[in-house]
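See structure below.
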Amino acid sequence: MNKKRGGENRFDEGGSRTDEAFDEILRDCIDNVLGEVLGDVSSAVVLRQIGGASLSGGIEFFAEALERIFGAGAFLLEILITKKLYMKLKIEYAEKAGYKFADYVKEAKTKRQTQKDVNKNIHV
């Protein structure tokens with residue numbers, strides 16, 4: 017289920033290679049979790065229903081589509097995707113009151129960029 021996708025489809029309007037790398041990690045996490053929970057065939061059907069494998073509508077659109085398809089069960093999928101994303105990025109996950117799936121994804125992206133900036137400054 018982990019298929020590479022072109023960088024033209026992003027979860028946000030940014031256009032840097034960092035954005036593309038983050039988006040690829042996020043897509044892999046989504047593919048992995050949906051594949052583990054639903055199976056590869058059902059996962060592919062869900063992704064197609066949401067709007068294709070590109071998920072180009074944005075992370076908010078993706079979360080809304082999950083909620084339309086799975087109702088309250090979308091929350092569990094979002095948590096699993098978030099935890100996998102944070103684990104892959106080696107970021108500590110902590111539940112936060114009022115945070116939604118998109119908030120966690122945006123936070124992970126910010127923290128990843130901060131880590132990269134710190135590492136870049138250490139090696140300079």
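According to our numbering, the sequence shown is numbered sequentially starting from 17. Note that beta-carbon positions come from the ideal geometry of N, C-alpha and C, so glycine has one too.
Exercise. What whole-angstrom Cβ distance do Ala79 and Phe38 have, given they're in contact under 8 Å?
Worked result: Not really, about 17 Å apart at Cβ, beyond 8 Å.
Problem set entry | Cβ-Cβ distance between Lys104 and Ile46 below 7 Å | Against a cut-off of 7 Å, the Cβ pair of Ile46 and Lys104 comes out as no contact.
Exercise. Which of helix, strand or coil does DSSP assign to Glu29?
Worked result: Unreliable positioning characterises Glu29 in this predicted model, as indicated by a pLDDT of 45, which lies under 50. A coordinate reading is not provided.
Problem set entry | Neighbourhood of Ile66 by C-beta distance below 6 Å, restricted to the same chain and skipping five residues each side | So the qualifying residues of the chain are Ala81.
Exercise. Buried or exposed: which applies to Arg84, given that a residue is buried once 16 or more other Cβ atoms fall within 10 Å of its Cβ?
Worked result: So Arg84 ends up on the exposed side.
Exercise. Hey, out of Asn48, Leu96 and Asp119, whose CA is closest to Phe77's CA?
Worked result: Ranking the options by Cα distance to Phe77, first place goes to Asp119.
Exercise. For Ala90, which residues of its own chain have a beta-carbon under 6 Å away from its beta-carbon, when the five flanking residues on both sides are left out?
Worked result: Leu82 and Glu83, listed in sequence order.
Exercise. Is it the case that the Cβ atoms of Leu92 and Ala124 are separated by a distance below 7 Å?
Worked result: For Leu92 and Ala124, no; Cβs fall outside 7 Å.
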